[in-house]
Each structure stands twice: as structure tokens, then as C-alpha cells.
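Asker: What follows is a single structure, and I will ask about it in a moment.
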Amino acid sequence: MYCKIQHLPVDICQPGSHRVSPRSRGIVRKLLLAVGVLAALHSTLTQTTYAQTRTRGRYLPLDQTVPPGMAGKWAGAQRGFVPVLQAVRVDAPQGGKVSYYTSPAAESVETESSAVVALQVGSVYRLKISEMPEYPGVELFPTVELIDRLHPPAGRETEFPVPIALTDEEISLAVSGRLVTKVVYLEQPDRADPIRRTDAARSEIAHPRENLLALADEKGRPMAIVRIGGREPDAGAINSGFYGVGAPVQLLKPATRSPKVVNP
């Protein structure tokens, strides 16, 4: 049981640029991952005293252990919230298929890994990750809950998707029956590294009972909660709401090759 914070390269938000100008960095900033890897049911690992955390003088009543959909619902309750579509990209280590379920009846949109799709902010989506070359026969059913959006230059939204990268370590943990919880956040511009990096990801270990939403809030702006493992569909999956309540999915760009995410 452990937690880690996983950093993505700066060129995810600035393709083709080795250095980010202050103006550009203020428009589109580097995306990072705050990752909590939980070795048992997440509802039993974090007590309420850990969930109700203060950070930067603000009270945060939620953490990564709340039921899927709650954080998105709270985000939607904010004044002026508009349920816009946000570009998202899901990457498997060596490729594969990604299905996004769009209705409780298990209807879905299937894409290649690394394809860019648009998902609705404030909603939680059930996905299926399959046909991974290095994991024959393995199917994962993670959820992705968007709680905020990026603000890229107008007309370039598809160039700056929120990247959700699955690592070999996370897949192995999920296959063994463990739950992996990741919080994606947008880094503060004054902490962003202006130098383009070639490594796909670097990680640091955090306390397993930390409030990952609070950690992400300290470093920037929480964008999404990703949960991998823990549940698989059964004969009653449709009636139990396993596939979600339904939310729109738009295919924006075909899959392109992206760097492999590595562990520290």
C-alpha cells in the first residue's frame, strides 16, 4: 500500500517547443499526476479526519475515497459552472483499445489507445481497456471523473488533451485485485519546469493516507480522478449501474504514438 505523485513532461502542453514563454505558460500549463495506489478497498483506508483537510487556508471536505461522481457533482454545483466538453487522451503502455461507455445499457464508443476524445466536465465515465499486447486477455474497467477543464488557445483544444497514462505497475496492481486511484492536476505556473524533458514520467512516494485532492490542490488545480481496478462487470452489471448513467463522448483525433510512461 503506497501513494505517489507522478509528473508528466512539459511538452504535453507545449508540443514542438523546448522552452515555454511566460505568456504561453500562463495560457496552457504543464499537467501533472498525483497518484494514490491503494492496496485494499479505498473506502476503508482513509478516515474522515484525513478527508476533511485544510490546504492554503481552504477547507477541503472531499478526498479520493468518496464515491465516484461526488466530486464531479460538487464541481457542477459551483456558481457559473458550465458542463463543457474537455479533450482527454488515455494511453496504455504499448497500445490497445479504449471503450468509453455512453449509456447504462453498455453502449460505447471504441477507440485506439492514445486517441483524443471529448468528455463532459462534471461527469464520471466507465471505460474498458483491452487488447493490450503485453497483457493478452486482460480487460480493465477504470472510471474517469472530470472535475475541471483546461483553457488552451481558441481553436487548439484538441492539441492539449488531459493525458491519462496507465503504467505497467498500475496495470499489474489492478490485475492482482488492488485499486489504483490517480488525481490529475494542472500545475501552478510559477512551479512549472520551462525545460522540455524527454522522460515520460517521474514519481515520488506519498503517505498512503494522504488526501490526494488536497495534495493536488496545494500544487495546482485538480482536473480529474481516475480509479483503476476493484470492479469488473458481472451478469447484473447493466441493472446495477456499473456502466454509469450516460454522458456524451466525441471522437476528436485518431490515436498517435506517444512516449511510454515509466516508473521511477
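If you're matching positions, the sequence shown starts at 1 in the working numbering and goes up one per residue. Don't be surprised by glycine CBs; every beta carbon is placed ideally from N, CA and C. Predicted model only: the values in this text are computed from it and were never measured.
#1: Determine, using beta carbons only, whether serine 114 and aspartate 91 come nearer to each other than 8 Å.
#2: Relative to the C-alpha of glutamate 232, which candidate in Val117, Ser130 and Gly155 has its C-alpha closest?
#3: Tell me whether serine 99 sits in a helix, a strand or coil according to DSSP, three-state version.
#4: Cα-Cα, which of Pro248, Thr181 and Tyr243 is closest to alanine 216?
#5: Check whether the region 124-141 touches the region 169-177, taking contact to mean three or more Cβ pairs, one atom from each stretch, closer than 8 Å.
#6: Starting from isoleucine 129 and walking both ways along the beta strand (DSSP E), at which residues does that stretch end?
#7: Taking the continuous alpha helix (DSSP H) assigned at serine 108, which residues delimit it?
#8: Put alanine 216 into one of helix, strand or coil per three-state DSSP.
#9: Going by DSSP, what residue range makes up the beta strand (DSSP E) through aspartate 168?
#10: Return the Cβ separation of glycine 229 and serine 103 in integer angstroms, given the expectation that the two are a contact with Cβ distance under 8 Å.
#11: With C-beta atoms as the reference, is tyrosine 243 less than 8 Å away from alanine 235?
#12: Excluding the 5 residues preceding and the 5 following proline 93 in the sequence, name in chain order all residues of the same chain whose CB lies nearer than 8 Å to its CB.
#13: Helix, strand or coil for glutamate 139? Go by DSSP, reduced to three states.
#14: Below 8 Å on the Cβ atoms is my contact criterion, and I expect threonine 143 with valine 116 to pass it. Report the Cβ-Cβ distance as a whole number of Å.
#15: Using the rule of at least 16 other Cβ atoms within 10 Å of the residue's Cβ for burial, across every protein chain shown, is valine 84 buried or exposed?
#16: Tell me the rounded alpha-carbon separation between isoleucine 147 and glutamate 187.
#17: Where valine 121 and proline 254 are concerned, what is the direct C-alpha to C-alpha distance, given to the nearest angstrom?
#18: On a CA-only basis, which of Gly241, Pro222 and Asn211 is nearest valine 162? Give me that one, please.
#19: Looking at the structure shown, is isoleucine 238 part of a helix, part of a strand, or coil, going by DSSP?
#20: Which residues mark the beginning and the end of the beta strand (DSSP E) in which alanine 165 is found?
#21: What residue from Ala154, Ile225, Val138 and Phe141 has the CA that sits closest to isoleucine 88's CA?
#22: Should alanine 118 be labelled buried (16 or more other beta-carbon atoms within 10 Å of its own) or exposed?
#23: Look up proline 222 in the DSSP assignment and say whether it is helix, strand or coil.
Answerer: A quick look at the data gives this:
#1: Walking along the sequence shown from the start, residue 114 turns up at place 114. Walking along the sequence shown from the start, residue 91 turns up at place 91. Yes, these two residues count as a Cβ contact at 8 Å.
#2: Here residue 232 refers to the residue found at position 232 of the sequence shown. Of the candidates Val117, Ser130 and Gly155, Ser130 places its Cα closest to the Cα of glutamate 232.
#3: One-based indexing of the sequence shown puts residue 99 at position 99. DSSP places serine 99 in strand when its eight states are reduced to three.
#4: Here residue 216 is taken as the residue at index 216 of the sequence shown, counted from 1. It is Thr181.
#5: Flag = yes, the region 124-141 and the region 169-177 touch.
#6: The count along the sequence shown starts at 1 and reaches residue 129 at position 129. Counted as a single uninterrupted DSSP element, the beta strand (DSSP E) harbouring isoleucine 129 occupies residues 124-130.
#7: Within the sequence shown, residue 108 is the residue found at index 108, counting from 1. First-last for serine 108: 108-112, but that is the beta strand (DSSP E), not the alpha helix (DSSP H).
#8: As a first step, residue 216 must be located in the sequence shown, where it is residue number 216. Assigned with DSSP and collapsed to three states, alanine 216 falls in helix.
#9: Taking the first residue of the sequence shown as position 1, residue 168 is located at position 168. Taken as a continuous stretch (DSSP letters only), aspartate 168 belongs to no beta strand (DSSP E), being part of the alpha helix (DSSP H) at 168-175.
#10: If you number the sequence shown from 1, residue 229 lands on position 229. If you number the sequence shown from 1, residue 103 lands on position 103. At roughly 23 Å, the Cβ-Cβ gap does not stay under 8 Å, so glycine 229 and serine 103 are not in contact.
#11: Your numbering for residue 243 matches position 243 in the sequence shown. Your numbering for residue 235 matches position 235 in the sequence shown. Cβ distance not < 8 Å, so tyrosine 243 and alanine 235 don't count as in contact.
#12: Taking the sequence shown and counting its residues from 1, one reaches residue 93 at position 93. The answer, listed in chain order, is Met132, Glu134, Leu166, Thr167, Asp168, Ile171, Lys260 and Val261.
#13: Mapped onto the sequence shown, residue 139 falls at position 139. In this structure, glutamate 139 counts as coil in the three-state DSSP scheme.
#14: Indexing the sequence shown from 1 puts residue 143 at position 143. Indexing the sequence shown from 1 puts residue 116 at position 116. About 19 Å; that fails the 8 Å criterion.
#15: Here residue 84 refers to the residue found at position 84 of the sequence shown. Exposed: under 16 other Cβ atoms inside 10 Å.
#16: Position 147 of the sequence shown, counted from the start, is the residue given in the question as residue 147. Position 187 of the sequence shown, counted from the start, is the residue given in the question as residue 187. Roughly 15 Å separates the two Cα atoms.
#17: Against the sequence shown, residue 121 aligns to sequence position 121. Against the sequence shown, residue 254 aligns to sequence position 254. Roughly 21 Å between the two C-alpha positions.
#18: Numbered from its first residue, the sequence shown carries residue 162 at position 162. The residue from Gly241, Pro222 and Asn211 with its alpha-carbon nearest to that of valine 162 is Pro222.
#19: In the sequence shown, counting from the first residue as 1, residue 238 sits at position 238. The three-state secondary structure of isoleucine 238, taken from DSSP, is helix.
#20: Here residue 165 is taken as the residue at index 165 of the sequence shown, counted from 1. Boundaries of the beta strand (DSSP E) harbouring alanine 165: 162-165, taken from the DSSP string.
#21: Numbered from its first residue, the sequence shown carries residue 88 at position 88. Rather than isoleucine, the amino acid found at residue 88 in this sequence is valine. Relative to the Cα of valine 88, the nearest Cα in the group Ala154, Ile225, Val138 and Phe141 belongs to Ile225.
#22: Counting from one through the sequence shown, the residue named residue 118 turns up at place 118. Alanine 118 is buried by the Cβ-count criterion.
#23: Translated into the one-based positions of the sequence shown, residue 222 becomes position 222. It is a strand residue.
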